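Worksheet for the structure shown next.
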DNA sequence: GTAAAATATACCAATTCTGAACCAAAACAC
DNA sequence: GTGTTTTGGTTCAGAATTGGTATATTTTAC
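Chains as they are written, first to last, in the working numbering: chain A, 1 to 248; chain B, 1001 to 1248.
Listed below in structure tokens is the structure:
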């Protein structure tokens, strides 16, 4: 499987992460972090081949040497294996912590949406109230990157997760953020990946992105009720898309 | 990409994020304090590279010399390491392993209530829809035991947690149940137990138990809207009790 | 007024990034 | 099989970035 991830520089953990500013925002280490995160969160799975170094370089808008430096470090960490003439392959057997491991097996897609229905509207309410100007700037960046990812499903999935996590961050509640991160980790796992392939057509991606932008506008205007309604619509759409794909 | 970190993720929503760019406090020592706080509170984590001195200077609207003076002091404190040609890196190792322990330290009582406001109403909705007869019987037993515990604060706290967990069980959603268990775990920690001592008078216990029973009745009658309203009242009461105890 | 602090500017040295070329191994097309 | 294409592996010189240092001027504090 050829997995595409679109570029960019811009990170966190890490992140993460104000401009007091971002850490590791330049260079090979930033790229290493991004790729590692993509691998450990399940955007790539064991055996997937990464893009060729030359394409990664173009995608990250950096030199091939820089990409190579990042990949070399990932190889030393044992996260990837590289073979001349063949490519760079993910070598990472995902092992979730116990409680989540169990969950991942026993949770149906609808139950996941259900949990999001429980948490996200209230989080959105808090976000609309508490988001700082800086939060909004971060979110703006993510939206632009989402728009830019076109029909690249993997890039969209990763960024969509980051977007919703950033939303949770705006709520200024570490426990709720923690809930969100759990949701994201489950979302990025195997059975969901398959689902994603079914559902995410370019048209759907565009539709989701339109909702992201509307949500951002509502947050920026401190329109609490509006923002909550939009996130409900967003989840409703995700739910109906899911049911549609499931029954087809 | 520049990772933007929202600063006050767990701190009180007071000055921290405002101070970051506040023009009010000039001087190297002020900048040093801000950076140190950013590091020790986890905005930057171990190994992260700070922005280049020149960019920090611009960001703080100050001269590079001033930034350097602040960084030098941080270096003397051992909080950062600087390498010519490379950058300034955070050197701060603190305990991080148990994510929940982490939360327990950084979560304010109000933030916990906030999280419950996010999750419990929807869970109650699902519970009202999905609860089986067997669930209701279990809940009935818990209510009886709650009634029986009189003014025993510890017993009440424990059973109250079980009651809410049973409620979550009725929702038939393992992820939401997991969220609840996390909430309960935090509730049972030291600082919360102390809080309980303040709040839980026999009168309050009786009031909570009355709400438990009303909630049970609504569930038994499949009165979804009613059950949701009762849990909201329940949380609202818990919140105002908390605020009351806090201000006294 | 004086001294300390902050600013502004220029240059140096260490490190990293870039851009390019070429090689070797694997995959592919025929 | 043969030849072509793709892909990682290697090397190198020069540009760009970044902390380190020095000096002079301006502002602030007392």
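Glycine is no exception: its CB is placed at the ideal position from the N, C-alpha and C atoms. These numbers come from a predicted model, not from an experiment.
In three-state DSSP terms, what is residue 1049/B?
-> As a first step, residue 1049/B is located in the second chain; it is residue number 49 there, counting from the start. DSSP places residue 1049/B within a strand segment (E or B) once states are collapsed to three.
Do residue 167/A and residue 1112/B have their beta-carbon atoms positioned less than 8 angstroms apart in this structure? Here residue 1112/B corresponds to residue number 112 of the second chain, with the count starting at 1. Here residue 167/A corresponds to residue number 167 of the first chain, with the count starting at 1. No, Cβ-Cβ distance for residue 1112/B and residue 167/A is not below 8 angstroms.
* Helix, strand or coil: which one does DSSP assign to residue 222/A? -> In the first chain, residue 222/A corresponds to position 222, counting from 1. If DSSP states are grouped into helix, strand and coil, residue 222/A belongs with coil.
Next item on the list: Return the residues of the region 1122-1134 of chain B that lie within a Cβ-Cβ distance of less than 9 angstroms from chain A, sorted by chain order.
Entry: Here the close residues are 1122, 1123, 1125 and 1126.
Between residue 50/A and the rest of its own chain, which residues show a CB-CB distance below 6 angstroms, the 5 nearest in sequence each way excluded? The residue given as residue 50/A occupies position 50 in the first chain. For residue 50/A, the CB contacts under 6 angstroms within the same chain, skipping 5 residues up- and downstream, are 88 in chain order.
task: Give the residues from the region 1224-1242 of chain B that approach chain A closer than 9 angstroms (Cβ to any Cβ), ordered along the chain.
output: Cβ contacts with chain A: none found.
By a C-beta neighbour count over all protein chains shown, 10 Å radius and 16 as the cutoff for buried, is residue 234/A buried or exposed?
Numbered from its first residue, the first chain carries residue 234/A at position 234. The Cβ neighbour count for residue 234/A, taken over all protein chains shown within 10 Å, is at least 16; the residue is labelled buried.
Query - Below-8 angstroms beta-carbon distance, residue 109/A vs any chain B residue - result: The count along the first chain starts at 1 and reaches residue 109/A at position 109. Closer than 8 angstroms: no.
Check whether the region 1179-1191 of chain B touches the region 1126-1140 of chain B, counting contact only when three or more Cβ pairs, one atom from each stretch, lie closer than 8 angstroms.
Output reads no: the region 1126-1140 of chain B does not touch the region 1179-1191 of chain B.
Going by DSSP, what residue range makes up the beta strand (DSSP E) through residue 88/A?
Within the first chain, the letter at position 88 stands for residue 88/A. Element bounds for residue 88/A: 87-90.
*Own chain partners of residue 36/A with C-beta closer than 8 angstroms, once the 5 adjacent residues on each side are dropped*: Within the first chain, the letter at position 36 stands for residue 36/A. Correct list, in chain order: 74, 77 and 79.
Spatially closest choice to residue 1149/B from 1128/B, 1206/B and 1109/B, by CA coordinates: For the purposes of this step, residue 1149/B is identified with residue 149 of the second chain, where counting begins at 1. Residue 1149/B has its Cα closest to that of 1206/B, out of 1128/B, 1206/B and 1109/B.
Rounded to whole angstroms, what is the Cα-Cα separation between residue 1238/B and residue 1121/B? Translated into the one-based positions of the second chain, residue 1238/B becomes position 238. Translated into the one-based positions of the second chain, residue 1121/B becomes position 121. Straight-line spacing of the CA atoms in residue 1238/B and residue 1121/B works out to 14 angstroms.
From the DSSP output, which residues share a beta bridge with residue 1037/B? Along the second chain, one-based indexing puts residue 1037/B at 37. Residue 1037/B pairs with nothing; no bridge assigned.
Going by the DSSP bridge assignment, what does residue 1083/B pair with across the sheet?
As a first step, residue 1083/B is located in the second chain; it is residue number 83 there, counting from the start. According to DSSP, residue 1083/B bridges with 1087/B.
Exercise for review: Compare the Cα-Cα distances from residue 153/A to each of 209/A, 92/A, 69/A and 228/A and report the closest residue.
Suggested key: Translated into positions along the first chain, residue 153/A becomes position 153. Closest by C-alpha distance to residue 153/A, out of 209/A, 92/A, 69/A and 228/A, is 209/A.
Looking at chain B, is there any beta carbon in it that lies within less than 8 angstroms of the beta carbon of residue 162/A? Along the first chain, one-based indexing puts residue 162/A at 162. No, because no Cβ of chain B sits closer than 8 angstroms to the Cβ of residue 162/A.
**Study point:** Inter-residue Cα distance where the pair is residue 118/A and residue 169/A
**Key:** Translated into positions along the first chain, residue 118/A becomes position 118. Translated into positions along the first chain, residue 169/A becomes position 169. Looking at the two C-alpha atoms, the distance is approximately 17 angstroms.
Measure the C-alpha to C-alpha separation of residue 241/A and residue 197/A and round it to an integer number of angstroms.
-> On the first chain, residue 241/A is found 241 positions in, with the first residue counted as 1. On the first chain, residue 197/A is found 197 positions in, with the first residue counted as 1. Between residue 241/A and residue 197/A, the C-alpha separation is close to 12 angstroms.
Pick from 45/A, 61/A and 66/A that is closest to residue 92/A, judged by C-alpha positions: Position 92 of the first chain, counted from the first residue, corresponds to residue 92/A. Closest by alpha carbon: 45/A.
Inter-residue Cα distance where the pair is residue 1066/B and residue 1228/B
On the second chain, position 66 is the one that residue 1066/B refers to. On the second chain, position 228 is the one that residue 1228/B refers to. Taking the straight line from one Cα to the other gives about 56 angstroms.
For a contact defined as C-beta to C-beta under 7 angstroms, what are the partners of residue 1173/B on chain A? Along the second chain, read from residue 1 onward, the residue named residue 1173/B stands at position 173. Here the neighbours are 111, 114 and 115.
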